[in-house]
Amino acid sequence: MGETVGNRISLSEEMINRAASQAMRAHNSGGRPFILDKPRGLSVAIFAFAGSWLPDDWFTHPPFGETKMDTSTFPSLRSVGNDEVAVVNASFLRRFKAILDQLSLEKEVRKVVADHKQVLFTGHSWGAAMAILATLYFLEKGGTNQNPPRCITFGSPLVGDWIFGHAVRREKWSDLFIHFVMRFDIIPRIMLCPASIEHQQILNYFNPRSEFHGKPIDPHLAFYLKVMRSAASVATHDACNLMGCTNPLLENLRNFVDLSPYRPFGTFIFCTGNGKLVVVKNPDAALQMLFYTAQLSQEEAAEIAQRSLYEHLVYDNELQECLGMQNVVYLDDSLEELPLSSDSGPAIVNTTLNDLGLSTEARLCLRAAGGLENRRLRNQAKIDDNKQKIKEELSKLSGYQEKGETRELGYYDAFKSQEEKDDFDANVSRLVLAGMWDEIIEMLRRSELPDEFENREELIELGTLYRRLVEPLDIANYYRNLKNEDTGTYMTRGRPKRYRYAQRWLEHAEKKPSGWRSESCFWAEVEELCSIKTGCNNGPLQDTKKQKIQQLQKRLIEWIHDGCLGKDVVLEGSTFVKWWKTLPSEYRSEPESSMIANLIHG
Amino acid sequence: MSQAPLFSSAGELANLVVNSNLIDVAWANIPEIQIDPAAFPCSVEPMVDYSPTPNRTIVVFASSPNCTQYPLREGGDLVQSSLFQFLCPNECSSVSINKAALYLFTSLESQLHGLKTKLSEREGQLIITGHSLGGSVAALFTLYLLDSMDKKSKCRPICITFGSPLIGDFGLQHSQWNSFFLHVVSNKDPVPGLFLPSRRSPPTSSHSQTSVYKPFGTYLLCSEHGCACFDDPDLILKILTVASSEVSGELQVVDYGELLRKLKNKAIWKGPQLAGERSGNPFSDGIVMELKTIGIDTAKHNIDISEMEKEARSLTKNTKASEAKKLNNIKKAMAQLEWYKKKAEDEKKGYYDCFRNEEKTRHVKVQGLMAELTTYWEDMVAEAERKPQKEGKSFRTGWLFAGTTYRRMVEPLDIADFYKGGDGRDYINSKRSQHYKLLEQWYKEAAKPPTREDLDSKKKKVSVLLTEDSCFWAHVEEAILSCQSLTNANSTTEQRESSWGNLVMFGEYVMEQIENCAVSPEIFLSGSSFMTWWGEYKAYIHNFRNFYSSRLVEYMKRGSYNQYG
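Protein chains in written order, with this note's numbering: chain A, 1062 to 1663; chain B, -14 to 550.
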């Protein structure tokens, strides 16, 4: 039978069962946002969030009720290089922040951490969404010396978009989230569907305070078909992309079809309904599973619609049974080799796929999801192979940089003059490197690399080294060819993406605000300041110029002090020094001025 | 490394389409207008609904029911149309369109012209649709509309046809507007395949013409069992041919509404779990399944899947990432040439003459760079050439600047090669490559007339500029030849006269270039061909036409060029 689920996800079965019962119990929390459970004998504290069935708590506005993530509370939830903020359900976010404002959550968590207990957030249905946001909140705040919090959800609605999941995976938090989903449960699919009358019907069905509580929904199939229709659109749309669809119609269709932004993330564990469990981590595969496992068949349609409601409420009992049986299939292990027909491949996998009713079409989609992820890994391996080449070119250029110092004008000005063979060779190295980095950036833009790619220390270091060493050459080339005259300033119009991305990688890793690490653009600022004429009197232009110059002097000292800017900038013959020496005294301020003078002569 | 597995997304894309409301909306809006059949054999009429829902406009080309029958019987001829000339990349090529559809379109032209103006100002979704011949006219109108819309337009059109016959030939094919066309075709509908040469129907008089029909856009091919989307024209042709040979002879009208309802249901109901051995190759397994649902048996109908797979693979290979890399290689080659140019200036000969008199080894190396650059730019120019006029223009503006630098950098070397042996005559008319001509033509079309300030700033940086006219050196070479002809004892009087005339013109040309700061100062380097020419010319004037002067002669004699640049 292989590994138990508990081992695989590093949580004991006992804990999972406990979490399930607490999550259900939290529905009756008596108005408190969560209940705290510290079971005896287990070194864990379970925070179970209460639920809500009020339509306003699910959707603020049609069609999908989404909003940009609040990046001051959740700074990691964005893509770094591409610089796009994740999208989250606005109601969930609003309600979670209200819970935070009550302060009791933070206080209790702090106490538990002080007791060296594992923090576990859990919730059922709407409460699951709160548990997810709480886990992320504490992960963002998290110190390094404690175990990261864990999150187990039961029948959770989808909370965020693709970037949301991408960011979680990039931060390597994905394994901390476990989502249990019953095969037909409607709630994990509900966010794929635009807000509608059917939504209300479903929520009313579950709401004990509603007059429709527990009553059959009329017409009995419409609500299910509505959700499945939307789920199908999202699933087939994503499947087209997974399969590398090249038909240009796909792009145009996006203008006409409203697709839900929400996507799954974390580890999904599907309960087949007959005691088996299927574990999927690949987010694209999880989405396909959400749709295909719940597909209707003609004979059982009415029964399935009924089950889609009923199954939302049976997690605790069902899990007790499943975890006892330990009949588990780990889909990610063999996603790309999934048997396509109902009677081939390993028996245990195939019986389970048959149990879930996965058609050949569904299996092709799952394979495509696995195939895409493997392709991303291969792309990454290819880039890793190139690293040596990047390093070689960089070491050539750092040799050039050192030599430039002996020429008394620094490599920026040497390169700008393009007088010697060395300058030309440096230009070729610059172009070779640009080619390799542009390829990486283009892959990132098209999400053809693994999610963790931008969080790899080696890449960030290499990117920073590259940026500091080579960007000055790009700037020199830009101003040598006078591109500022017909195109605009380097910073606004000329700066290549490869440097913007590399800067953001470093800023994100150091948790610094955007723009903090702009030292590699030093020369562009100097060039721009040189080009503003100093002649005319105290106009507003002069004031901003004065400010900019003083700011630049300050940062120059910091940067040289930190070692992220080379001493070559203060060589006698450099553009900077020549310009700086012509500055009238009112543009200089102390002590920076004498410090710079010292640098030049020291 | 083994190749990545490939998938066919034809079924998924089709499901996405039928699952959306898009085609239901289109179909639901198509009524049949009843027109007295005796009055006119067939008629099509545009009807516009400006806001069925906010942000959406629907244009329906309603057709009379007899449309499907009467004109199609003999309306299969293809005729050339000047109305759609804009689809062609240049004047030499042409586009042919189905006679019946074109006739209907032309009869509505004045009305459609007004409609076009109105619609191109609208924002949001624009659905243009029609059934049968109505669909053909809808497609023609969409093309007509797309030509007048610019990229910034907020109007997002899609044209959906139902059971329309093929519209035209290859001329409609090479358009990147393919993404705007969706043709819904049932395997029971004989109309779409009507103009195809089929095994059963005896060849008509226009048979040879009809065989050149080519589908364009995406076809949503449907049967009762399912549907699939394809955009490969040859595959679509094949499927249409198979389908039309299998429907019964009588023209029956397919109820697309009913068919779509069925398919829409199918999209969310559970599909079959196929038993039995599969090949394990997801592409071929997938596509066999997809073709089967629309009634095509790959074995029986002789469809080569491995060929399709090869094609799909080549499509996925051309990624943006590899394009970026290619562009950088080109930049690298240009940098190497620039360095070569710089070295040449140091030798006091100039770039052009250095290459013209180059020793073997370095020459070969530079030629390698030239070949690399030329291949790249010939491809780019050819690609721009294949696009419809307007789109080709926007495609090339992105790189026209780089293309111009290339032309100014590399063409002089081609000229040097041409005149090097000593027998080259008249490069511009006898040898100049087409892609240089086009690059120059496009540059001239895009360039704005220079202002006073432009000239001032040019003066400041003339030393880093390239000579603007990439054929400058060809003019110099011709001038040298003219000088030789003047001093050659064997020349006839006429030859001398024409040579002298050429030299006068050349003098004016050069002076104009100098005044516009359009030549690089390197032409005045002591070892350059231009200076060689000047030496010969000066000697000739001194000996034979001592009274002659021109602005250039004055300029050169005074040595003003020492101050140039």
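C-beta: ideal position from N, C-alpha, C; glycine also.
So what's residue i in DSSP terms, helix, strand or just coil?
i         : result
Tyr1391/A : strand
Thr1214/A : strand
Val1149/A : strand
Glu275/B  : helix
Leu1181/A : strand
Lys1572/A : coil
Phe515/B  : helix
His210/B  : coil
His192/B  : The predicted model places His192/B with a pLDDT of 43, which falls under 50 and marks its position as unreliable, so this point remains unresolved.
Ala47/B   : strand
With distance defined between alpha-carbon atoms, name the residue in the options nearest to residue i.
i         : options                                       : result
Asn1313/A : Phe165/B, Pro200/B, Ile281/B and Leu181/B     : Phe165/B
Trp324/B  : Ser1478/A, Thr1354/A and Val1149/A            : Ser1478/A
Arg1156/A : Gly1627/A, Arg1616/A, Cys1306/A and Gly1112/A : Gly1112/A
Lys1615/A : Leu1419/A, Ala1658/A, Arg1324/A and Gln1262/A : Ala1658/A
Arg1231/A : Glu1201/A, Phe1331/A, Asn1516/A and Leu1103/A : Asn1516/A
Asn1335/A : Pro1309/A, Phe1245/A, Ile1258/A and Tyr1285/A : Phe1245/A
Is there a C-beta anywhere in chain B that falls below 8 Å from the one on residue i?
i         : result
Arg1436/A : yes
Gln1356/A : yes
Asn1150/A : no
Gly1336/A : no
Leu1286/A : yes
Ala1429/A : yes
Leu1520/A : no
Asn1488/A : yes
Asp1404/A : yes
Leu1401/A : yes
If we cut at 8 Å on Cβ distances, does residue i have a partner in chain A?
i         : result
Asn172/B  : no
Gln548/B  : no
Arg141/B  : yes
Glu(-3)/B : yes
Leu167/B  : yes
Ser379/B  : no
Find the residues of chain A that neighbour residue i, judging by a C-beta separation of less than 9 Å, and give them in chain order.
i        : result
Lys327/B : Gln1479, Glu1480 and Phe1485
Which chain A residues sit within Cβ distance under 7 Å of residue i?
i        : result
Met274/B : Thr1421
Trp254/B : Gln1356, Leu1357, Ser1358 and Gln1359
Trp324/B : Phe1485
Using only the heavy atoms of the ligand SAM, determine whether one of them is closer than 7 Å to the beta carbon of residue i.
i        : result
Glu368/B : Ligands in the displayed structure: none, and consequently the ligand SAM is not present.
What does residue i reach in chain B if we use C-beta pairs closer than 8 Å?
i         : result
Ser1495/A : Residue identity check: residue 1495/A is Ala in the sequence provided, not Ser. The contacting residues are Asn313 and Lys316.
Arg1468/A : Near Arg1468/A there are no residues of chain B at all, since even the closest Cβ is about 17 Å away, more than 8 Å.
Glu1397/A : Pro(-10)
Leu1492/A : Asn313, Lys316, Lys317 and Ala320
Identify the contact partners of residue i in chain B, using a Cβ-Cβ distance below 7 Å as the criterion.
i         : result
Asn1545/A : Those do not exist, as Asn1545/A stays about 12 Å from chain B at its closest Cβ, beyond 7 Å.
Met1289/A : Ile253
Gly1418/A : Lys255
Residues of chain B with a CB under 9 Å from the CB of residue i: which are they?
i         : result
Asn1499/A : Here residue 1499/A is Asp; the residue named in the question, Asn, does not match the sequence. Correct list: Ala306, Ala309, Lys310, Leu312 and Asn313.
Asn1415/A : Gln258
Gly1432/A : Ala(-11), Pro(-10), Leu(-9), Phe(-8) and Pro267
Leu1425/A : Phe(-8), Ser(-7), Gly(-4), Glu(-3), Pro267, Asp270, Gly271 and Met274
In chain A, which residues lie less than 8 Å from residue i when you measure between Cβ atoms?
i        : result
Ser442/B : Glu1546
Leu7/B   : Leu1314, Phe1317 and Val1318
_Residues from the stretch 1293 to 1317 of chain A in contact with chain D, defined by Cβ distance under 7 Å_ = Going by chain labels, chain D is absent from the structure shown, which instead holds the protein chains A and B.
*At 3 residues or longer, and completely inside the stretch 1337 to 1423 of chain A: list those beta strand (DSSP E) runs for me, N to C.*
Within the stretch 1337 to 1423 of chain A, the complete beta strand (DSSP E) segments of 3 residues or longer fall at 1337 to 1341 and 1388 to 1391, listed in chain order.
*Please specify which runs of the alpha helix (DSSP H), each continuous and at least 4 residues long, are wholly inside the stretch 1217 to 1305 of chain A, giving them in chain order.*
Here the runs fully enclosed are 1223 to 1231, 1248 to 1251, 1258 to 1267 and 1283 to 1303.
*Which residue spans inside the stretch 317 to 404 of chain B form an unbroken alpha helix (DSSP H) run of at least 4?*
Whole alpha helix (DSSP H) segments, 4+ residues: 336 to 341, 345 to 371 and 374 to 382.
*Residue ranges of each alpha helix (DSSP H) run of no fewer than 4 residues wholly in the stretch 448 to 485 of chain B, ordered along the chain?*
Whole alpha helix (DSSP H) segments, 4+ residues: 457 to 472.
*With a floor of 3 residues, list each beta strand (DSSP E) that falls wholly inside the stretch 491 to 536 of chain B, ordered by position along the chain.*
Under the rule that a run must span 3 or more residues, no beta strand (DSSP E) segment is found entirely inside the stretch 491 to 536 of chain B.
*Jot down the residue ranges of each uninterrupted beta strand (DSSP E) in the stretch 130 to 158 of chain B, minimum 3 residues, whole runs only, in chain order.*
Counting whole runs of 3 or more residues, the stretch 130 to 158 of chain B contains the beta strand (DSSP E) stretches 140 to 147.
_Which runs of the alpha helix (DSSP H) at least 4 residues long sit entirely within the stretch 1106 to 1174 of chain A? Give them in chain order._
DSSP runs (the alpha helix (DSSP H)) wholly in the stretch 1106 to 1174 of chain A: 1116 to 1119 and 1151 to 1162.
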